[in-house]
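Heads up: the sequence lines are chains V and X, in that order.
To convert a position in the first sequence, counted from 1, into my numbering, add 22.
To convert a position in the second sequence, counted from 1, into my numbering, add 22.
2 protein chains.
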Amino acid sequence: MIESGPQNTESPDPRQDTLAQIRAAGLQLIYQHGYEGMGLRLLASQAGIGQSTLYGHYATKQELLVDLICLHMNELLTSMRQAVPSSGAPLDRYLAFVHFHLVYHIRRRREVFICYSELRSLEPENYQRVTELRQQYEQALMEIIAEGMTTGVMRPGEARVAAYSILAMLSGITTWYNADGPLSEARICDEYTRLATAAVIDPLGIALAR
Amino acid sequence: MIESGPQNTESPDPRQDTLAQIRAAGLQLIYQHGYEGMGLRLLASQAGIGQSTLYGHYATKQELLVDLICLHMNELLTSMRQAVPSSGAPLDRYLAFVHFHLVYHIRRRREVFICYSELRSLEPENYQRVTELRQQYEQALMEIIAEGMTTGVMRPGEARVAAYSILAMLSGITTWYNADGPLSEARICDEYTRLATAAVIDPLGIALAR
Numbered sequence: 023m024i025e026s027g028p029q030n031t032e033s034p035d036p037r038q039d040t041l042a043q044i045r046a047a048g049l050q051l052i053y054q055h056g057y058e059g060m061g062l063r064l065l066a067s068q069a070g071i072g073q074s075t076l077y078g079h080y081a082t083k084q085e086l087l088v089d090l091i092c093l094h095m096n097e098l099l100t101s102m103r104q105a106v107p108s109s110g111a112p113l114d115r116y117l118a119f120v121h122f123h124l125v126y127h128i129r130r131r132r133e134v135f136i137c138y139s140e141l142r143s144l145e146p147e148n149y150q151r152v153t154e155l156r157q158q159y160e161q162a163l164m165e166i167i168a169e170g171m172t173t174g175v176m177r178p179g180e181a182r183v184a185a186y187s188i189l190a191m192l193s194g195i196t197t198w199y200n201a202d203g204p205l206s207e208a209r210i211c212d213e214y215t216r217l218a219t220a221a222v223i224d225p226l227g228i229a230l231a232r
Numbered sequence: 023m024i025e026s027g028p029q030n031t032e033s034p035d036p037r038q039d040t041l042a043q044i045r046a047a048g049l050q051l052i053y054q055h056g057y058e059g060m061g062l063r064l065l066a067s068q069a070g071i072g073q074s075t076l077y078g079h080y081a082t083k084q085e086l087l088v089d090l091i092c093l094h095m096n097e098l099l100t101s102m103r104q105a106v107p108s109s110g111a112p113l114d115r116y117l118a119f120v121h122f123h124l125v126y127h128i129r130r131r132r133e134v135f136i137c138y139s140e141l142r143s144l145e146p147e148n149y150q151r152v153t154e155l156r157q158q159y160e161q162a163l164m165e166i167i168a169e170g171m172t173t174g175v176m177r178p179g180e181a182r183v184a185a186y187s188i189l190a191m192l193s194g195i196t197t198w199y200n201a202d203g204p205l206s207e208a209r210i211c212d213e214y215t216r217l218a219t220a221a222v223i224d225p226l227g228i229a230l231a232r
């Protein structure tokens, strides 16, 4: 089961149901054992289907991996574009981006882990495809920061380095966040937001822009 | 070959030479193919030794993995303790830690990658051992930040969340740093240091502490 992805429990299309089962089983197996450690026989068994049915959807393991990663990247991009205004004050857009990234990453830990740790397992053409999607996402944050630097609400510097830094800082939440831990999700997001905002803002610029 | 680890080219002990060869080959193979994708036959061949010699050093793949990860974690801890003063002004110690972490991580990208991506491949007892080493490292930064918060040079907040955030931010440099890129190592470290410092400091507290 995907932890919090869209569920197709009432889908009228059995082929789509099977595809969802394969993806969910593949995600779990790659998360647990790594791409190289996932056998197609085990995958079919975990998805509750025969191997011939599996081959009807994915001819190779590589096809499944690139599908899972691109699916995640496309959902990430689409959701981000819905959550983050494409115009308006850079600081407001930055805060919207930070909040979106944190919550999305807390809820999709396995997808995120696979996207980072299995890039090495992608064949060159697929790696290129995934890299282009990831760059679109990074570019969105970079443009917000660059605009913040230009308008003076953010400290001048290399917008690209700042974007990479902030994305890594926020994504790191997936490695230790525990829903049963002493700090609530809201509290942790608030702490991260303060750190990520303090890292880039120019307090005087913000004061003058008010 | 390990990119920048100590080289034993003139070691008088052939057993140590062989061990170094196995570790270097294992590191490279796990980095490229993942732990599950590394076969012992290929490992022996890459290390330039026979399989029986390999078994004389490591009875299982798991032994090699935990050895590589613990070796890295112990070197990281030892080097950090040499580079970061254990007493003195928290902000000075913070800056020393940040600089140390950045430079160390730029130069040990493969070890760092394996430590993050192959934790799932460790058996429970080994996972526990590695976790304890990692916690010692995290604890060192956390104590510096907690002291900075207490003395007022850092913004009050959750020192643990701040430490995790900053470690993730800085470690992210390994995923994109390119020695042949347009920005020099010194310039990138400077940008990261500014971001990581701005994230935690309290400017008024620093002004008052001078």
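Positions of the beta carbon are idealized from the N, C-alpha and C atoms, including for glycine.
Just the C-alpha distance for His79 (chain V) and Leu163 (chain X), rounded to the nearest angstrom, thanks.
On the first sequence, residue 79 (chain V) is found 57 positions in, with the first residue counted as 1. On the second sequence, residue 163 (chain X) is found 141 positions in, with the first residue counted as 1. Going from the Cα of His79 (chain V) to the Cα of Leu163 (chain X) covers about 48 Å.
Residues from the stretch 177–199 of chain V in contact with chain X, defined by Cβ distance under 9 Å:
If the cut-off is 9 Å between Cβ atoms, the stretch 177–199 of chain V has Arg177, Gly179, Glu180, Arg182, Val183, Ala184, Tyr186, Ser187, Ile188, Leu189, Ala190, Met191, Leu192, Ser193, Gly194, Ile195, Thr197, Trp198 near chain X.
Using a Cβ-Cβ cutoff of less than 6 Å, which residues in the same chain neighbour Glu160 (chain V) once the five nearest sequence positions on both sides are dropped?
Here residue 160 (chain V) refers to the residue found at position 138 of the first sequence. Once the five neighbours on either side are set aside, the close Cβ partners of Glu160 (chain V) are Ala185.
Taking the Cβ atom as the reference point for each residue, do Arg216 (chain X) and Gly179 (chain V) lie within a distance shorter than 8 Å?
Locating residue 216 (chain X) in the second sequence gives position 194, where the first residue counts as 1. Locating residue 179 (chain V) in the first sequence gives position 157, where the first residue counts as 1. Taking C-beta atoms as the reference points, Arg216 (chain X) and Gly179 (chain V) count as a pair closer than 8 Å.
Interface residues of chain X around Gln68 (chain V) at Cβ under 9 Å?
Your numbering for residue 68 (chain V) matches position 46 in the first sequence. Using a Cβ-Cβ cut-off of 9 Å, Gln68 (chain V) is close to nothing in chain X; its nearest Cβ partner there is about 16 Å away.
Starting from Ile188 (chain X) and walking both ways along the alpha helix (DSSP H), at which residues does that stretch end?
Within the second sequence, numbered from 1, the residue matching residue 188 (chain X) stands at position 166. In the DSSP assignment, Ile188 (chain X) falls within the unbroken alpha helix (DSSP H) covering 181–193.
So, helix, strand or coil for Gln29 (chain V), using DSSP?
Here residue 29 (chain V) corresponds to residue number 7 of the first sequence, with the count starting at 1. Because Gln29 (chain V) carries a pLDDT of 48, less than 50, the predicted location of this residue cannot be relied on, and no value is offered for it.
Closer than 8 Å is the cut-off here; do at least three beta carbon pairs connect the stretch 138–153 of chain V with the stretch 205–216 of chain V?
As far as the Cβ criterion goes, the stretch 138–153 of chain V does not touch the stretch 205–216 of chain V, which means the pair count is below three.
For Gln104 (chain X) and Phe122 (chain X), I'd like the C-alpha separation in whole angstroms.
Here residue 104 (chain X) refers to the residue found at position 82 when the second sequence is read from its first residue. Here residue 122 (chain X) refers to the residue found at position 100 when the second sequence is read from its first residue. Cα to Cα, the separation comes out at about 10 Å.
Start and end residues, alpha helix (DSSP H) containing Tyr53 (chain V)
Walking along the first sequence from the start, residue 53 (chain V) turns up at place 31. Where Tyr53 (chain V) is concerned, the enclosing alpha helix (DSSP H) starts and stops at 36–55.
Does DSSP put Ile71 (chain X) in a helix, in a strand, or in coil?
What you label residue 71 (chain X) is simply residue 49 of the second sequence in a count that begins at 1. DSSP, read as helix, strand or coil, puts Ile71 (chain X) in coil.
Pair within 8 Å by beta-carbon distance, Ile210 (chain V) and Tyr199 (chain V)
By 1-based counting over the first sequence, the position of residue 210 (chain V) is 188. By 1-based counting over the first sequence, the position of residue 199 (chain V) is 177. Yes.
Considering only DSSP beta bridges, list what Ile223 (chain X) is partnered with.
As a first step, residue 223 (chain X) must be located in the second sequence, where it is residue number 201. According to DSSP, Ile223 (chain X) shares a beta bridge with X:Met176.
Helix, strand or coil at Asn148 (chain X) according to DSSP, with G and I counted as helix:
Residue numbering aside, residue 148 (chain X) sits at position 126 when the second sequence is read from its first letter. Secondary structure at Asn148 (chain X): helix, using DSSP grouped into helix, strand and coil.
Given a cut-off of 8 Å on the beta-carbon distance, is the pair Glu58 (chain V) and Gly56 (chain X) in contact?
Taking the first residue of the first sequence as position 1, residue 58 (chain V) is located at position 36. Taking the first residue of the second sequence as position 1, residue 56 (chain X) is located at position 34. Yes, the Cβ-Cβ distance between Glu58 (chain V) and Gly56 (chain X) is below 8 Å.
C-beta contact flag for Ala221 (chain V) and Ala181 (chain X) at 8 Å
On the first sequence, residue 221 (chain V) is found 199 positions in, with the first residue counted as 1. On the second sequence, residue 181 (chain X) is found 159 positions in, with the first residue counted as 1. No, these two residues do not count as a Cβ contact at 8 Å.
Helix, strand or coil at Val106 (chain V) according to DSSP, with G and I counted as helix
Taking the first residue of the first sequence as position 1, residue 106 (chain V) is located at position 84. Here Val106 (chain V) carries a coil assignment [DSSP, helix/strand/coil].
So, with DSSP's three-state summary, where would you put Glu97 (chain X)?
As a working note, residue 97 (chain X) is residue 75 in the second sequence. Residue state, collapsed to three classes: helix.
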